[in-house]
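Peer 1: I'd like to ask some things about the structure below.
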Amino acid sequence: MAAAKDRNLGIHFHFLEAEWETGYLKDEMKMSPAEYLAASGMPEVRQSVLAHCVWLDPAVLDEVDFSRMTIAHNPNSNQKLGSGMMDLPGMMGKTRKIALGTDGAASNNRLDVWGEMRSAALVSKGISKDPTAVPARDVLRMATFEGAEALGFEKKGMIREGWAADFVMVDLDRPEYVGIDGENAAHFFVYAGSSADVKGTMVAGKWLYRDGKFPGADAEKILAKAREMRDNLLKG
């Protein structure tokens, strides 16, 4: 933590993903979650990302300076591993600094932010029995602006004059987008859309993906290398 503060860097940390961690904090470390976060120094570094927080009580956010911390919600990984589900509506009542994550390939497989948006919105509605919980517009913000903020980026995550040219192009001519407009776009993207609808991805004014191709990258070569590395791991 001292190194992060000295170098003005951020910290990424998996926190209270599994239920046993709450018992470990209490019984072994003799700390509450709030005491641990404060003692760790996370509130003092440039930016902290707390992944999962499945077993974090939203009330803890009232006990710790959370202004430099963002929660990364990973709904699909948490479901696959049977970890439980973060109280997303409760967290949203305490902070807007919530982004979406996928966790790793071993615990998620798809690594698809569109899938995370849909799960984040639907699972919370089912658990809370409240169809108005976790609005689509808020979920879309988690996947875009809040994600950029979590990583310490400035002037990214929204399309605005003077901001970085980072955006995706979506094919709105597909059947699932019939009826989309400026008011309901978030609902269509979260509930009806998928990553297959993305036609282009631009970062800092440069196309990284467009019409099924990756300019500047040899996709076939990368896949071949990945298969080779997997085979080598299994042989070992």
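Residue 175 in the UniProt record's numbering sits at position 175 of the sequence shown, with consecutive numbering throughout. Note that beta-carbon positions come from the ideal geometry of N, C-alpha and C, so glycine has one too.
Starting from V170 and walking both ways along the beta strand (DSSP E), at which residues does that stretch end?
Peer 2: Unbroken beta strand (DSSP E) run through V170: F167 to V170.
Peer 1: Whole angstroms is fine: what's the gap from D87's alpha carbon to T201's?
Peer 2: Going by the C-alpha atoms only, they are around 32 angstroms apart.
Peer 1: Using DSSP with H/G/I as helix, E/B as strand and the rest coil, what is V139?
Peer 2: In this structure, V139 counts as helix in the three-state DSSP scheme.
Peer 1: Cα separation between R118 and Y191?
Peer 2: C-alpha separation (whole angstroms): 6 angstroms.
Peer 1: Using the Cα positions of M229 and K206, report the straight-line distance between them to the nearest angstrom.
Peer 2: Roughly 29 angstroms separates the two Cα atoms.
Peer 1: According to DSSP, what are the bridge partners of T144?
Peer 2: Answer by DSSP bridge pairing: none, since T144 is not bridged.
Peer 1: Say whether the segment 151-165 touches the segment 107-127, bearing in mind that this needs 3 or more beta-carbon pairs closer than 8 angstroms, one atom from each stretch.
Peer 2: They do not touch, by the three-pair rule.
Peer 1: On the criterion of 16 or more Cβ atoms from any shown chain inside 10 Å, does A150 qualify as buried, or is it exposed?
Peer 2: Buried, since its Cβ has 16 or more Cβ neighbours within 10 Å.
Peer 1: Output needed for P89: all residues of its chain with C-beta closer than 8 angstroms, excluding positions within five of it in sequence on either side, in chain order.
Peer 2: Closer than 8 angstroms at Cβ, skipping near neighbours: S124, S128, D130, A133 and V134.
Peer 1: Please go through the same chain and pick out, in chain order, the residues whose beta-carbon is closer than 6 angstroms to the beta-carbon of E60, but skip the five residues on each side of it.
Peer 2: The sequence shown places Val at residue 60, rather than the Glu named in the question. Excluding sequence neighbours, V60 sits near P33 and A34.
Peer 1: Taking DSSP as the reference, what is the three-state secondary structure of L16?
Peer 2: Three-state result, L16: coil.
Peer 1: Mind checking K97: buried by the 16 CB within 10 Å criterion, or exposed?
Peer 2: Buried.
Peer 1: Can you tell me whether DSSP reads M92 as helix, strand or coil?
Peer 2: Reduced to three states, the DSSP call for M92 is helix.
Peer 1: Less than 8 angstroms between C-beta atoms, sequence neighbours within five positions excluded: which residues of the same chain meet that for K174?
Peer 2: Strictly speaking, residue 174 in this sequence is Arg, with Lys absent from that position. If we look at R174 and ignore the five residues flanking it on each side, its Cβ neighbours are D197.
Peer 1: How would you label D231, buried or exposed, when you count the other beta carbons within 10 angstroms and need 16 or more for buried?
Peer 2: Exposed is the call here.
Peer 1: When DSSP builds the beta bridges, which residues end up paired with I11?
Peer 2: BP columns for I11 point to S48.
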